[in-house]
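Structure, as structure tokens:
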Amino acid sequence: MHHSNQIGKLVAVLVAIQSANPLTPIKIVTDSKYVINSLNTHLDDWENAGWINISNAQLFKAIAYQLHWCSAQTTFQWVKGHSQVMGNKRVDQLAQNRALKITTDVIDTYVPRNFDLQGAKMSRITQRLAYKALMMKKKHIKYKRPTLGLLDVMRYAIKALTTMLETDESIWQGCRNKDLLKKVQIFLYKTLNNAFHIGDFWTQVPTLEHRACCQSCREEPESMEHILTQCSNPIRKQTWDLAKNLWPDKHGPWPEPHIGLIMGSRNISVISFMLDLDPIIFPCLPSLYLDPISN
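First residue of the sequence shown? That's 1270 in the working numbering, and the numbers climb one at a time after it.
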């Protein structure tokens, strides 16, 4: 199972319920509004809608089954994250230790067939929901080799900074984050799909093969990584110097620009229990640098 903050907290809830006597009342204290809102507000709706397009659906199914199985009451209490509550601080430390484990734990997400009913209720189905269900039934997307390579570069660059190993899905979702300007979203999408007319693209165009090399560095093959982090063009250095000058000192040393960090900017949150700071987001590439290559 992949690591993420949300998944870790859902697993903690699941294991806590599984470990308790079904006749014993349980009180779960967490700083995750995602967990509390999902289990207290959305769970019935998601079940009725057949879990279509719901992230972490298998974990939610397992938790729902365990909650139905328990005879005693289960309650949830929200506490502010990193508020010096002893139990919450201990949980953060355990989460960090688990995230650094080389071997992953095997989580029991078993749900019996008679409880795991398939499909959505007719009263809840819509054209949009039906379309999403059909898309979920499709085979795994077969990415082209450059896309697979860049996804892995992003995944491990993010992991080096946050200790969390992102999934392909979470990386794509980060690239479509609503906080990003639309042209930044388009830039990230096209870069991941190797859709810009740079580098190897020109080797297939007769008489224009020379465009495959960087026009500033002359002999260097052009790629998005070269443009953003390696090119000798002074615009590149000036752009990153401006971004570096805006970097708050309280967030520690400026992270050296790296294609994985740039592309995964919306997935990178410097975890508070690692640096004892409020969560921060690595700045995405300034818009002024996107315009020259937005072909």
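For every residue, glycine included, the Cβ atom is placed at its ideal position computed from N, Cα and C.
Remember, predicted model here, so these are calculated numbers, not experimental data.
- Check the Cα spacing between ILE1440 and each of LYS1451, LYS1452, ALA1331, VAL1422: the tightest is with VAL1422.
- GLU1478 and PRO1524 have their alpha carbons spaced roughly 35 angstroms apart.
- Between ALA1426 and LEU1530, the C-beta gap is smaller than 9 angstroms, which places the two residues in contact.
- Here LYS1296 carries a strand assignment [DSSP, helix/strand/coil].
- Its Cα nearest to that of THR1344, the residue THR1310 stands out among THR1310, PRO1503, ILE1394.
- In the three-state DSSP reduction, CYS1482 falls in the strand class (E or B).
- Fully contained in the segment 1287-1342 are the following beta strand (DSSP E) runs of length 3 or more, in chain order: 1295-1299.
- Under the rule that a run must span 4 or more residues, the alpha helix (DSSP H) segments found entirely inside the segment 1472-1518 read 1503-1515.
- Beta-bridge analysis with DSSP links TRP1347 to THR1299.
- Pairing ALA1341 with ASN1306 gives a Cβ-Cβ distance that is not under 9 angstroms.
- Inter-segment contact for the segment 1428-1447 and the segment 1480-1494 is absent: fewer than three beta-carbon pairs are separated by less than 8 angstroms.
- It is roughly 6 angstroms from the alpha-carbon of ILE1467 to the alpha-carbon of GLU1491.
- The straight-line gap separating the alpha-carbon atoms of GLN1346 and ILE1297 is approximately 6 angstroms.
- When rounded, the separation of the alpha-carbon atoms in LYS1447 and LYS1428 is 23 angstroms.
- From the listed residues ASN1317, ALA1333, ILE1321, the smallest Cα separation to VAL1280 is found for ALA1333.
- In this structure, DSSP gives SER1439 a helical state, which the three-state scheme calls helix.
- C-alpha of ARG1505 to C-alpha of LEU1461: approximately 20 angstroms in a straight line.
- DSSP places ALA1389 outside any alpha helix (DSSP H), giving it a letter other than H or E.
- Per DSSP, PRO1526 lies in no alpha helix (DSSP H) segment and is marked neither H nor E.
- In the three-state reduction of the DSSP assignment, TYR1412 falls in the coil class, being assigned neither a helical nor a strand state.
- Annotation: ASP1385 to LEU1308 spans about 17 angstroms, alpha carbon to alpha carbon.
- Between SER1534 and GLY1418, the C-beta gap is not smaller than 9 angstroms, which leaves the two residues out of contact.
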